[in-house]
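A.B. asks:
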Amino acid sequence: MTTAPLTIIQTAIAAEAAAVAGVADVTVELGPPARPEHGDLATPVAMTLAKAAKRNPREIAEALAERLRTHPDLADTIAEVEVAGPGFLNLRLAPAWFAGVAGMVARSGAEFGRGGAEHPERILLEFVSTNPTGPIHIGHARGASYGDSVGRILSFVGHAVTREYYINDYGRQMELFAASVAARYAELVGAEPHMPEGGYPGEYVADIAEKLRAELGDAYDGRVSPPDAETLELFARRGGVLMLDVIRETLGRFRVSFDAFFSERSMHEAGLVTAGVQRLRDSGDAYESEGAVWFRTSGYGDEKDRVLVRSDGDSTYLAADVAYHLDKAARMGDRMIDVLGADHHGYIGRLKAVLAAGGFDPDRLEVLIMQLVSLTESGEAKRMSKRAGTIVLLDDLIDDIGVDAARFFLVERSHDTAFDLDLDLAREQSQENPVYYVQYAHARCCSILAKAEGEGVVRDPSAPAPADLDPSERALALTLAAWPRVVADAADRRAPHRVVAYLKDLARDLHAFYHRCRVVGESPEVQAFRMELTVGTRDVVRCGLDLIGVTAPDRM
RNA sequence: GCGCGCGUAGCUCAGUGGAUAGAGCGUUGGCCUCCGGAGCCAAAGGUCGCAGGUUCGAAUCCUGCCGCGCGUGCCA
8 MTTAPLTIIQ
18 TAIAAEAAAV
28 AGVADVTVEL
38 GPPARPEHGD
48 LATPVAMTLA
58 KAAKRNPREI
68 AEALAERLRT
78 HPDLADTIAE
88 VEVAGPGFLN
98 LRLAPAWFAG
108 VAGMVARSGA
118 EFGRGGAEHP
128 ERILLEFVST
138 NPTGPIHIGH
148 ARGASYGDSV
158 GRILSFVGHA
168 VTREYYINDY
178 GRQMELFAAS
188 VAARYAELVG
198 AEPHMPEGGY
208 PGEYVADIAE
218 KLRAELGDAY
228 DGRVSPPDAE
238 TLELFARRGG
248 VLMLDVIRET
258 LGRFRVSFDA
268 FFSERSMHEA
278 GLVTAGVQRL
288 RDSGDAYESE
298 GAVWFRTSGY
308 GDEKDRVLVR
318 SDGDSTYLAA
328 DVAYHLDKAA
338 RMGDRMIDVL
348 GADHHGYIGR
358 LKAVLAAGGF
368 DPDRLEVLIM
378 QLVSLTESGE
388 AKRMSKRAGT
398 IVLLDDLIDD
408 IGVDAARFFL
418 VERSHDTAFD
428 LDLDLAREQS
438 QENPVYYVQY
448 AHARCCSILA
458 KAEGEGVVRD
468 PSAPAPADLD
478 PSERALALTL
488 AAWPRVVADA
498 ADRRAPHRVV
508 AYLKDLARDL
518 HAFYHRCRVV
528 GESPEVQAFR
538 MELTVGTRDV
548 VRCGLDLIGV
558 TAPDRM
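Here it is as structure tokens:
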């Protein structure tokens with residue numbers, strides 16, 4: 008990995024602060040101050056240490072400032088140190104530092120910030136996991152873009168991530184789906200359709216029926232009105248596969264990828280669900296009562312016990328989740344993450360109970376709950392109902408606003424907050440979408456560099472730093488320098504929206520820089536410095552956009 | 001009722017102990033002889049739901065209350 012330019016300063020301050028205050032392990036908060044006249048960087052470390060050192064914060068700050076001014080390793084880095092307010096330390100950095108950052112970022116390119124995880128882990132990441140009874144809709148799309156982005160970010164900072172899709176291809180909903188397909192099949196062959204109560208009304212069901220008919224020939228024409236058990240079984244199995252193909256196609260279009268698909272049905276057929284329940288019974292974590300088998304989740308902090316096998320002998324979805332999570336736990340590496348919808352948050356306790364009962368540390372399961380996305384259109388909440396068929400499909404959203412805008416919007420907000428996506432805004436004002444703002448910064452860099460190439464400008468990363476820097480150059484370089492920390496933080500917090508926020512900041516700095524500073528045609532060292540700044544910005548924007556699955560066009 | 005999440009600018013939302021709380025959209029006013037105006041600069045707009053507490057310092061942590069969402073099935 009590349010050493011973050013800020014880390015060097017941070018480490019030096021930490022060492023000096025420890026010496027001044029006589030405290031062992033000092034953590035130093037170091038970041039841009041609220042106001043530009045307070046310099047390039049600021050830290051409240053002296054105030055933090057005041058209590059432990061039992062000294063006046065300003066006194067600590069003064070002593071620390073003096074040591075930093077005379078620090079042999081920081082001579083080319085820190086130009087000025089001042090103590091301000093109740094004990095803030097404000098730093099003004101030297102031109103050489105800015106030149107160093109620009110050169111380093113430009114050299115590292117898309118590798119800048121990679122591998123910054125402090126403790127790399129093997130992580131099993133499960134997301135989307137919708138049952139194959141219908142196409143992906145807007146509700147799934149948030150989890151898809153979020154999970155995929157988290158996966159990309161975790162990998163980027165150095166974790167070994169396996170992405171898995173749990174196919175809920177078994178149970179009541181699949182039976183309903185199979186019966187719905189059979190009804191459409193019947194229509195297709197001119198027989199009386201038997202649409203079940205609560206069946207799936209969507210047109211896509213007819214598409215599946217058509218594909219099935221093409222596969223099966225006329226062998227089942229007489230067996231769908233009403234369908235017999237064997238037909239339903241086949242339709243559930245094959246129909247599920249065909250439906251999953253459709254889902255995978257949409258996900259591919261949405262630039263979401265998986266390493267593995269894990270079928271619930273295959274688990275049932277291999278006897279793993281029964282075995283999982285038995286394992287819990289053997290360990291005393293499950294018991295029989297009122298004709299049903301119960302999982303003693305209350306022993307692990309859940310509010311009540313849950314049924315695994317109903318009194319009619321059918322196993323519940325929880326039984327499958329037990330088997331699946333025991334399977335996952337055995338191969339998870341260091342950690343597993345489940346990305347689930349808001350309506351599943353009641354499961355957290357149950358899933359952790361599964362791990363605990365299986366002898367695993369429940370803290371190694373992290374459940375991330377996606378809050379709802381609602382759509383507004385014409386200033387009103389768009390009512391979506393599965394039954395009424397008014398669900399907005401991901402494919403339709405992509406056709407409407409494009410993959411880039413859809414992915415950008417869906418991860419722009421924190422996953423744990425419900426938000427409104429205004430369709431009119433996304434549609435009519437797509438020209439002023441924040442995604443274009445960021446992409447334009449990339450295109451603008453490319454444009455500058457194309458101009459430079461046309462003028463025969465040769466890059467010179469080792470050119471001396473310009474003596475005077477424009478405020479916009481300082482701001483841009485400081486933002487670039489912060490990237491490794493931002494992306495590592497986004498990974499730790501599973502927070503792709505922090506990458507988005509960063510990209511908007513970086514784009515703003517680039518646009519401001521563009522308007523104040525020409526690159527091509529300036530004096531040699533100014534031109535050389537700004538060339539590196541431009542190259543670095545282009546690469547970091549492209550890298551950041553890629554982490555959320557958004558393209559970075561050279562021209563727009 | 002209980003559990004979890006959320007109340008921050010007109011709207012959508014950042015900000016998980018630091019200085020005078022930010023961005024986008026919307027509103028108002030400026031800026032194209034230029035490496036692309038999909039841009040820039042400026043202005044207006046706030047009891048950070050309410051009330052206490054913790055401390056040098058609270059939008060942030062704790063307690064209570066109010067409001068919204070979700071959950072609380074031998075449904076998936």
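8 is the number of the first residue of the first sequence in this note's numbering; add one for each residue after it.
Glycine included, every Cβ here is placed at the ideal spot set by N, Cα and C.
Since the model is a prediction, treat every value here as computed from it, not as a measurement.
1. Buried or exposed for VAL506, please, with buried defined as at least 16 other CB atoms from any protein chain shown within 10 angstroms of its CB.
2. Can you list, in chain order, the stretches of the beta strand (DSSP E) that have 3 or more residues and sit fully within the segment 83–127?
3. State the Cα-Cα distance for the pair MET8 and LEU100, rounded to the nearest angstrom.
4. Which class does PHE184 belong to by DSSP, given the choice of helix, strand or coil?
5. Where does MET8 sit, in a helix, a strand or coil, going by DSSP?
6. Identify whether GLU210 lies in helix, strand or coil by the three-state DSSP scheme.
7. Could you check the C-alpha separation between PHE105 and ASP334 for me, to the nearest Å?
8. How would you write the range of the alpha helix (DSSP H) that THR541 sits in, first residue to last?
9. With 16 as the cutoff for other CB atoms within 10 Å, does GLY291 come out buried or exposed?
10. Counting only runs that start and end within the segment 14–61, where is the beta strand (DSSP E) found for 3 or more residues in a row?
11. Could you tell me whether the segment 309–321 touches the segment 248–262, where touching means 3 or more Cβ pairs closer than 8 Å?
12. If you count every other CB in all the chains shown that lies within 10 Å of the CB of ASN63, and 16 or more means buried, which is it?
13. Quick check on TYR443: does DSSP put it in helix, strand or coil?
14. Between the alpha carbons of TYR540 and ALA109, how many angstroms are there, rounded?
15. If I measure Cβ to Cβ from THR486 and keep anything under 7 Å in the same chain, skipping five residues before and after, which residues do I get?
16. If I'm right that GLY120 touches TRP490 with Cβ under 8 Å, what's the distance once you round it to whole angstroms?
17. Taking just the CA atoms, how far does GLN446 sit from PHE415?
18. Tell me, which residues are paired with MET343 by DSSP?
19. Would you kindly check if the distance between the Cβ of VAL329 and the Cβ of VAL280 is under 9 Å?
20. In three-state DSSP terms, what is MET563?
21. Let me know if GLN534 comes out buried or exposed under the rule of 16 or more other beta-carbons within 10 Å of its beta-carbon.
22. Return the residue from the list VAL316, LEU71 and PRO560 that minimises the CA-CA distance to CYS453.
23. Helix, strand or coil for THR257, going by three-state DSSP, please let me know.
24. Cα-Cα, which of ALA148, THR77, GLU66 and ARG357 is closest to LEU382?
25. If you follow the beta strand (DSSP E) that ALA167 is in, where does it begin and where does it stop?
26. Between HIS351, MET343, ARG338 and ASP341, which lies nearest to LEU325 when the distance is taken from Cα to Cα?
27. Given a cut-off of 9 Å, decide if GLU194 and ALA167 are closer than it, judged by their beta-carbon atoms.
28. Give the secondary structure of TYR177 by DSSP, where H, G and I count as helix, E and B as strand, and everything else as coil.
29. Work out the CA separation of CYS550 and ALA117 for me, nearest whole Å.
30. Can you tell me whether DSSP reads ARG313 as helix, strand or coil?
31. Taking a contact to mean a Cβ-Cβ separation below 9 Å, would you say GLY348 touches GLY94 in this structure?
32. My understanding is that THR304 touches GLY224, with C-beta atoms under 8 Å, so please give their C-beta distance in whole angstroms.
33. Quick one, which of LEU98, LEU241, VAL527 and ILE344 has its alpha-carbon nearest ILE455's?
34. Taking C-beta to C-beta, are ALA1 and VAL361 nearer than 9 Å?
35. Which residues mark the beginning and the end of the alpha helix (DSSP H) in which HIS479 is found?
36. GLU133: buried (16+ other C-beta within 10 angstroms of its C-beta) or exposed?
C.D. replies: With the structure as the only source:
1. Position 499 of the first sequence, counted from the start, is the residue given in the question as residue 506. VAL506 should be labelled buried.
2. 85–91 and 95–100
3. Within the first sequence, numbered from 1, the residue matching residue 8 stands at position 1. Within the first sequence, numbered from 1, the residue matching residue 100 stands at position 93. Annotation note: pLDDT 42 at MET8 (below 50); position unreliable, coordinate value reported separately. Whole-angstrom Cα-Cα distance: 24 Å.
4. Taking the first residue of the first sequence as position 1, residue 184 is located at position 177. It is helical.
5. Counted from its first residue, the first sequence places residue 8 at position 1. Residue placement at MET8 is poorly supported in this model, since its pLDDT is 42, which falls under 50; the coordinates are not used for a value here.
6. Working through the first sequence from its first residue, we reach residue 210 at position 203. It is helical.
7. Here residue 105 is taken as the residue at index 98 of the first sequence, counted from 1. Here residue 334 is taken as the residue at index 327 of the first sequence, counted from 1. PHE105 and ASP334: Cα-Cα distance of roughly 51 Å.
8. Here residue 541 refers to the residue found at position 534 of the first sequence. Run containing THR541: 531–554, per the alpha helix (DSSP H) assignment.
9. Position 284 of the first sequence, counted from the start, is the residue given in the question as residue 291. Under this definition GLY291 is an exposed residue.
10. 48–50
11. Two segments are said to touch when three or more pairs of C-beta atoms, one from each, lie closer than 8 Å; by this definition the segment 309–321 does not touch the segment 248–262.
12. Indexing the first sequence from 1 puts residue 63 at position 56. With fewer than 16 other Cβ atoms within 10 Å, it is exposed.
13. Numbered from its first residue, the first sequence carries residue 443 at position 436. TYR443: helix per DSSP, three-state reduction.
14. Here the question's residue 540 lines up with position 533 in the first sequence. Here the question's residue 109 lines up with position 102 in the first sequence. In the sequence as presented, Tyr is not what sits at residue 540; that position holds Leu. The alpha-carbon atoms of LEU540 and ALA109 are separated by roughly 5 Å.
15. Within the first sequence, the letter at position 479 stands for residue 486. Hits under 7 Å: ASP512, LEU513 and ASP516.
16. For the purposes of this step, residue 120 is taken as the residue at position 113 of the first sequence. For the purposes of this step, residue 490 is taken as the residue at position 483 of the first sequence. Contact holds; Cβ gap of about 5 Å.
17. By 1-based counting over the first sequence, the position of residue 415 is 408. By 1-based counting over the first sequence, the position of residue 446 is 439. Between PHE415 and GLN446, the C-alpha separation is close to 11 Å.
18. For this step, residue 343 is matched to residue 336 along the first sequence. Beta-bridge pairing links MET343 to LEU131 and LEU372.
19. Your numbering for residue 280 matches position 273 in the first sequence. Your numbering for residue 329 matches position 322 in the first sequence. For VAL280 and VAL329, yes; Cβs fall inside 9 Å.
20. Within the first sequence, numbered from 1, the residue matching residue 563 stands at position 556. Here MET563 sits in coil by DSSP.
21. Working through the first sequence from its first residue, we reach residue 534 at position 527. That one is buried.
22. Stepping through the first sequence from its first residue, residue 453 is reached at position 446. Cα-wise, what sits closest to CYS453 is PRO560.
23. On the first sequence, residue 257 is found 250 positions in, with the first residue counted as 1. In this structure, THR257 counts as helix in the three-state DSSP scheme.
24. The residue given as residue 382 occupies position 375 in the first sequence. Among ALA148, THR77, GLU66 and ARG357, the Cα nearest to that of LEU382 belongs to ALA148.
25. Within the first sequence, numbered from 1, the residue matching residue 167 stands at position 160. First-last of the beta strand (DSSP E) with ALA167: 167–174.
26. If you number the first sequence from 1, residue 325 lands on position 318. Here the closest residue by C-alpha is HIS351.
27. For the purposes of this step, residue 167 is identified with residue 160 of the first sequence, where counting begins at 1. For the purposes of this step, residue 194 is identified with residue 187 of the first sequence, where counting begins at 1. For ALA167 and GLU194, no; Cβs fall outside 9 Å.
28. Position 170 of the first sequence holds residue 177. Here TYR177 sits in coil by DSSP.
29. Numbered from 1 along the first sequence, position 110 holds the residue referred to as residue 117. Numbered from 1 along the first sequence, position 543 holds the residue referred to as residue 550. Computed Cα separation, rounded: 6 Å.
30. Residue numbering aside, residue 313 sits at position 306 when the first sequence is read from its first letter. Secondary structure at ARG313: strand, using DSSP grouped into helix, strand and coil.
31. As a first step, residue 348 must be located in the first sequence, where it is residue number 341. As a first step, residue 94 must be located in the first sequence, where it is residue number 87. Going by C-beta atoms, GLY348 is not nearer than 9 Å to GLY94.
32. Residue numbering aside, residue 304 sits at position 297 when the first sequence is read from its first letter. Residue numbering aside, residue 224 sits at position 217 when the first sequence is read from its first letter. With 8 Å as the limit, THR304 and GLY224 do not qualify as a contact, their Cβ atoms being about 48 Å apart.
33. Within the first sequence, the letter at position 448 stands for residue 455. Measuring from the Cα of ILE455, the nearest candidate turns out to be VAL527.
34. Outside the shown range of the chain, which is 8 to 563, sits residue 1, and nothing can be said about it.
35. Within the first sequence, the letter at position 472 stands for residue 479. Rather than His, the amino acid found at residue 479 in this sequence is Ser. Counting along the chain, the alpha helix (DSSP H) containing SER479 begins and ends at 478–499.
36. For this step, residue 133 is matched to residue 126 along the first sequence. With 16 or more other Cβ atoms within 10 Å, it is buried.
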